[in-house]
Structures are given as C-alpha cells and as structure tokens.
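Heads up, the thing below is written out as structure tokens.
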Amino acid sequence: MRGKKVLALCMVAVFALVSVFANGSGEGGADTIKIGFIGPLTGDNANYGIRCSNAARLAIGEINAAGGINGMQLELIAEDSQGAVDRAISSYEKLAYNDEVVAIIGPVFTSPALAVAQRCNEDGIVMVTPSATHRDVTALGNWVYRTVPSDALQAEVAAHYFYEVLGYRRIACLYAMNDYSQGLAEGVEEIFTELGGEITSMQTCMVGDRDFRTQLGQIRSTNPEAIYIPNYTVEDAQILEQAAQLGMTTPFLSSDGFSDPEVYNLAGDYTNGVIYVGPAQAEASTLLADFSAAYSAAYNGDAPDSFATNSYDATYILRDAIARVFENGGDLADIDAFRSSVNDQVKATDDFEGANGTINFAANGDMVASQGVYRVENQTPIYIGSYQVVDGHIVQVD
C-alpha cells in the first residue's frame, strides 16, 4: 500500500496538473493512462462535482509526481454532466469511445449514475462513484463500485436512529423527485413504519424549485415531531430558511447531502440543530491529514467534503488496480482486455488503506461500511458516532 507522501513534492505536481487540466482535460498522448470523470462542474450543485474532480486531480498529481504507473503518467479527463442524465450519457460516450479511458470516477449524482452504470456494464468499463448512493446503482452489473455507503444502509441506520435513539414516533418528509432523495425518503418511510412509527406527511418537490412554503404548511398541519429532508444542498438550504420564516420550530433531520459545507454558506443562520446521517468519520490518520492539507493548499483554502475524500480514495484504488494489471502483463494496446483486467483487480481490492480508512468491497460492489450521525451546532457539524443495525436494533460501533 501507499507509503507516506512527501507533501511539498506533491504540491508542485498538483499545481502543475491543475493548470494542465484547467479546462477538464490534458493534452494526452500514447504514453498516458486515461481515467474519466463525470460530475456537475457547472449549475446549482456544481460544488459537489468540483470538489470530487479536484480530489481526483490531486491524487493523480501525487501519483504522477511519484513516477506514475509502469513508467506512464495518468491523465484525468473530466466531463461536465451538469447533474443531468442526458449530459452524463454524452459524457460517457465521449470518454468510452473517443478517449478510451480505462475506468471512470463518478457520476456524482444518483440519476446520472444509474444511467451510466448500465452503459458501463454493457461496454465493460469500471465505474467507481464517490457519491451515488441509490441501492440500485451497483445492482446493474459487475463493473460498478462505490466508495460511499449505499442508500439502503443509510436509510436503515437513519430510520432506526430516529426511532430508537431520538425517540421519535411521528415524522414528516419533504423530498425532491430524483432517484437519490426519493430512494432515501421511501427507504426511511418503510423501515420507520415497520418499527412502529408514523410518517405524518410525505411531501415532494421538483429539483430546481425555489418555494417550499406550501409543502411546509401541509407538514405543519400534521404536527410531526421532526421533518426529514434527504436532499441536495440548494433545496435543503431553502427549506430551512423558509421554515424559519414561517415560524416553524420543528427539528430537521437530513442525509449525507447535508455534509456539503456549502449549506452553511447558503443557510448558515438556520442550520443549528440539524441532525444528519452520512459517511462515518474516518479515524484520524496521516493519510487523512495529508490529504486535507494538500487539498486546501491546492484549492485556495477550500476544505474537502466527504465525497471529495471518497473520490480521492477511488483514484488510488484505481491506481493500485491498474498497477497490478501491468504487473500481470496487461497491455493498453488491447483496451477491452485491459479494462476487463482492471475490473478483476478492483474486485480483488483487499483492506485498501485510504484517507477514509480501510476500504473493502462487497460482492455487489458496495463499500462495506458503517454510517455516521452528526449534529450541527450553529454551523459546525459535531460527530456523534458510527452506527450499524445488528439483529434489528441500532448499535453504536465507535
């Protein structure tokens, strides 16, 4: 596994790489190993894609500074999906057929990830998403992996935590009509009611909506003990602000989408008290500290979120897999065979030590993981602990 990186050397390489890839791709050439990235780099939720692509660039800069792989340099080709399925598919086709990438990091959002996962399985290209959590993403075949826990796990832990630890018996939900938010909302609804709880109101909105007062009014009329909002940053921020404007004091619960620091820039006056379920906090380590410091130095003091850390680890998992393919005689001249061998080696990942801790994949490509619970104090998320559901009950594991 990776040894300790020399931060100063890495920074030189990273700044050079950021300059080279400022427009999403490098010059390329026959002596480069191409990895694709698909995520929103423009639009309302571009912050997710930008941080994930930045983290991948950071990792590639470090790898190239250390000599690359098999004497060759890695090249990241980043494509802007704008969070839309059709653009994600167009990005995929460019990366797969024109650029002939050996693997893809992303897509970042669930709906594009579901569409691209199907194509990756049809064409035989490894896809590692750092952030698409819908349980069906990895169910589409044997070429798809993720370095983020699935919605099935998140919904199970969330429902049990809300019911068993927080003691809620009546909650409402306001979610956007996309695969991510709907999957989490329906998962929590199913498990929470099985435990004996009641969902007093299931309200929906469309991605891009700006006014949630009608839905909030409907929810208030049912007098819930808490409101679950498993959405992306922009919707969650506006929901919190408008609830405060309506004089609502009901506690809010959320999902891993709330782990994006941008929510505090958009609605920092309204985030106090929010409890959300997301990736378990990695144990303090040299790798995590080095990554965080290097990321902030490379990107104007910006702090990486959990998805960026997942993208960084995904890049190194691919690095290790590609290196093993070359060790076993792989040849980029036969791109289909090379891609197949990369899949074999990613599948064989064993106790990978990343910035987010030790990573293993289940047989279906899901990451074996616990879920973390966080409580926001003003604009600071406080880590409560890591949880699993064992024999039908919530258990804290750290």
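Residue numbers (this note's numbering): 41 to 438. All C-beta atoms, glycine included, are put in the ideal place defined by N, C-alpha and C.
Can you look up residue i in the DSSP assignment and give me helix, strand or coil?
| i | result |
| --- | --- |
| residue 435 | strand |
| residue 76 | strand |
| residue 98 | helix |
| residue 157 | helix |
| residue 426 | strand |
| residue 298 | helix |
| residue 51 | Reliability fails at residue 51, whose pLDDT of 41 lies under 50, so the model's placement of it is uncertain and the value that follows must be treated cautiously. Three-state DSSP puts residue 51 in a helix. |
| residue 140 | coil |
| residue 61 | In this predicted model, residue 61 has a pLDDT of only 39, less than 50, meaning its place in the structure is not dependable enough to derive any value. |
| residue 208 | coil |
| residue 303 | helix |
| residue 120 | strand |
| residue 418 | coil |
| residue 313 | coil |
| residue 177 | helix |
| residue 197 | helix |
| residue 165 | coil |
| residue 68 | Low confidence applies here, because residue 68 scores a pLDDT of 45, under 50, leaving its location unreliable; read the following figure in that light. Looking at residue 68 - three-state DSSP - the assignment turns out to be coil, as it is neither helix nor strand. |
| residue 354 | helix |
| residue 360 | helix |
| residue 126 | helix |
| residue 326 | helix |
| residue 342 | coil |
What does DSSP give as the partner residues of residue i in its beta bridges?
| i | result |
| --- | --- |
| residue 115 | 74 |
| residue 289 | None; residue 289 has no bridge partner. |
| residue 214 | 243 |
| residue 187 | Paired residues: none, contrary to the question. |
| residue 319 | 411 |
| residue 145 | 77, 168 |
| residue 109 | 112 |
Could you say which of the options lies nearest to residue i if we only look at CA atoms?
| i | options | result |
| --- | --- | --- |
| residue 352 | 370, 395, 317, 363 | 395 |
| residue 390 | 306, 361, 366, 416 | 361 |
| residue 284 | 298, 222, 311 | 311 |
| residue 272 | 109, 406, 148, 102 | 148 |
| residue 82 | 104, 121, 416 | 121 |
| residue 209 | 216, 201, 215 | 201 |
| residue 160 | 110, 128, 263 | 128 |
| residue 142 | 115, 281, 318, 290 | 115 |
| residue 263 | 238, 223, 371, 168 | 238 |
| residue 388 | 378, 402, 379 | 402 |
| residue 182 | 404, 431, 408 | 404 |
Since residue i and residue j are thought to touch, with beta carbons under 8 Å apart, how far apart are those beta carbons, to the nearest angstrom?
| i | j | result |
| --- | --- | --- |
| residue 393 | residue 328 | At roughly 11 Å, the Cβ-Cβ gap does not stay under 8 Å, so residue 393 and residue 328 are not in contact. |
| residue 259 | residue 269 | Not confirmed; about 10 Å, so no contact. |
| residue 427 | residue 411 | 6 Å |
| residue 366 | residue 87 | About 35 Å; that fails the 8 Å criterion. |
| residue 354 | residue 189 | So it is not a contact: roughly 14 Å between Cβ atoms. |
| residue 220 | residue 173 | 7 Å |
Worksheet item: Whole alpha helix (DSSP H) runs in the stretch 365-410 with 4 or more residues, listed along the chain?
Response: 375-387
Worksheet entry | Complete runs of the beta strand (DSSP E) confined to the stretch 227-280 [at least 3 residues] | 238-245, 266-269
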